[in-house]
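Step one of this worksheet: look at the structure below.
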Amino acid sequence: MAGRRTRRRDERQARTARQRVEDPVGQGPLLSRISTDWIVGGIIGGVVLIAIMVFVVRVVFGGGGSSTMFFAQVFSAAVSPGDSNVRLLGDITGLYRTDDAGDDWDRVPVTDQPVYTVVNDPANANGFLAAGDGFLARSEDGGLTWQDIVTDLPSQSLRSLAVDPSDASVIYAYLVSDGLYRSDDAGRTWTLANAVEDASITSLAVKAGAPDVVYAFHTRRGLVRSEDGGKTFRVVVGGIPSSSVASIVTSATEPESVFAISGRTIYTSVDDGASWKLTNVGLEQIGVIAIAEDAASGDLYVSDFQGLFYLSTDRGKSWFPSLNAGG
107 MAGRRTRRRD
117 ERQARTARQR
127 VEDPVGQGPL
137 LSRISTDWIV
147 GGIIGGVVLI
157 AIMVFVVRVV
167 FGGGGSSTMF
177 FAQVFSAAVS
187 PGDSNVRLLG
197 DITGLYRTDD
207 AGDDWDRVPV
217 TDQPVYTVVN
227 DPANANGFLA
237 AGDGFLARSE
247 DGGLTWQDIV
257 TDLPSQSLRS
267 LAVDPSDASV
277 IYAYLVSDGL
287 YRSDDAGRTW
297 TLANAVEDAS
307 ITSLAVKAGA
317 PDVVYAFHTR
327 RGLVRSEDGG
337 KTFRVVVGGI
347 PSSSVASIVT
357 SATEPESVFA
367 ISGRTIYTSV
377 DDGASWKLTN
387 VGLEQIGVIA
397 IAEDAASGDL
407 YVSDFQGLFY
417 LSTDRGKSWF
427 PSLNAGG
């Protein structure tokens, strides 16, 4: 009997010793399994997160095209009058091009700095100008290749750019900390029009056939208009909230028409900016950021933050998604 009691005591002591080794802090088998599951789950989650980050980086920053493009922050858009499927977007991460109306996008390997403005070159149906931080260039082949524009500007910190839709020789450019400049020889030489002290100009447009008439968004005064080549400006009123204008475009086909995006919404003026109307039918749930005109057809295009385009064939009265014109 004493021997059996001794064996039982020894077995209990052995079990206790094993439990102390397997569960030194008294968590128990269940908590040990939970802790292990958390560790494994964390590792798997980390791997998935890294894979997602790599995918996004490849799509956004890579040179290849993608049908699922993610834009960081769109500033400007342009559509080729020679082929409306060819479109460009200026983004905080660079310049992007599509030749199938946005089904696939390619990053144009000309700069890794923000591109604030992309505009059509009125002298060439397939031409564009683009400007940004340390970047001013021209393309003559629909945005495939680009050549730097050599200028006498005091810097190349360009924040906005505009070309007279009827005269490619007239260009306005705003340089951060240097002011508003004008060129009358397609960008070779420039003269200071306005120092623009204590503010910035983030969007510009020139009235077709009237190179002294300039529209601008002034960060202190709002939407403004000049009739003397940018030397002086007056605030634009008449139905448009002018405190936050992201994009302005003047019409090459109807010089008195001006289109602007304010508060993610489109406003239209047909009387040189004297009065404005909300023209947002079809875009009530869409936040748009950039507007452009096809100078050949007069059609209008807007882009949202995702690079999706919407088209108006009735001068902004109504809008619908813009698909590949080739089908």
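If you read the sequence shown in our numbering, its first letter stands for residue 107, the second for the next number, and so on.
Ideal Cβ positions, reconstructed from N, Cα and C, are used throughout, including at glycine.
Per DSSP, reduced to three states, the secondary structure at residue 351 is strand. Every unbroken stretch of the beta strand (DSSP E) spanning 3 or more residues and falling wholly within the region 303 to 338 is given here in chain order: 307 to 313, 316 to 324 and 328 to 332. In the DSSP annotation of this structure, the continuous segment of the beta strand (DSSP E) that includes residue 286 starts and ends at 285 to 289. Selection 203, 415 and 266 evaluated against residue 392 yields 415 as nearest (Cα-Cα). Within the same chain, 305, 307, 330 and 339 come within 7 Å of residue 324 by CB-CB distance, once the 5 residues on both sides are set aside. In the displayed model, residue 211 falls within a strand according to three-state DSSP. Taken through DSSP and simplified to helix, strand or coil, residue 255 comes out as coil. Between the beta-carbon of residue 352 and that of residue 395 there is about 5 Å, and that keeps the pair under the 8 Å contact cut.
For residue 417, the pairing in a beta bridge is given by DSSP as 407 and 426. The C-alpha of residue 412 is placed about 14 Å away from the C-alpha of residue 389.
Taking the CA atoms as reference points, residue 326 sits about 16 Å from residue 336. As the crow flies, the alpha-carbon of residue 369 is around 19 Å from that of residue 198. The Cβ atoms of residue 285 and residue 311 do not sit closer than 9 Å to each other. Per DSSP, the beta bridge partners of residue 356 are 364. For a cut-off of 8 Å, the C-beta gap from residue 387 to residue 375 is around 17 Å, too long to register as a contact. Of 380, 206, 242 and 226, the smallest CA-CA separation from residue 220 is found for 242.
Within the model, the alpha-carbon separation for residue 188 versus residue 356 is close to 19 Å. Taking C-alpha positions only, residue 383 is separated from residue 421 by approximately 12 Å. Less than 9 Å divides the Cβ of residue 177 from the Cβ of residue 202.
A check of alpha carbon separations from residue 400 across 244, 280, 250 and 232 identifies 232 as the nearest. DSSP, reduced to helix, strand and coil, places residue 176 outside both helices and strands of the structure shown, so it counts as coil. In the three-state reduction of the DSSP assignment, residue 231 falls in the coil class. In the displayed model, residue 200 falls within a strand according to three-state DSSP. Annotation for residue 319: 313 and 333 place their beta carbon closer than 6 Å to its own, counting only its chain and skipping 5 residues before and after. The straight-line gap separating the alpha-carbon atoms of residue 228 and residue 345 is approximately 30 Å. Within a 10 Å sphere around the beta-carbon of residue 213 sit 16 or more other beta-carbons, which makes this residue buried.
Setting aside the 5 residues that flank it on each side, residue 280 is surrounded in the same chain by 265, 266, 286 and 307, each with a C-beta closer than 6 Å to its C-beta; the list follows chain order.
The DSSP-derived three-state label of residue 239 is strand.
Per DSSP, residue 189 is not a residue of any beta strand (DSSP E), being assigned neither H nor E. The C-beta of residue 288 has 16 or more other C-beta atoms within 10 Å across all chains shown, which makes the residue buried. If the five residues before and after residue 251 are omitted, its C-beta is found closer than 7 Å to the C-beta atoms of 245, all from its own chain and listed in chain order. Here DSSP, grouped into helix, strand and coil, assigns residue 194 to strand.
The beta carbon of residue 380 is closer than 8 Å to those of 344 in its chain, skipping five residues each way along the sequence. Judged by DSSP secondary structure, residue 274 falls within the beta strand (DSSP E) whose first and last residues are 273 to 281. Using a Cβ distance threshold of 9 Å, residue 224 and residue 183 count as a contacting pair.
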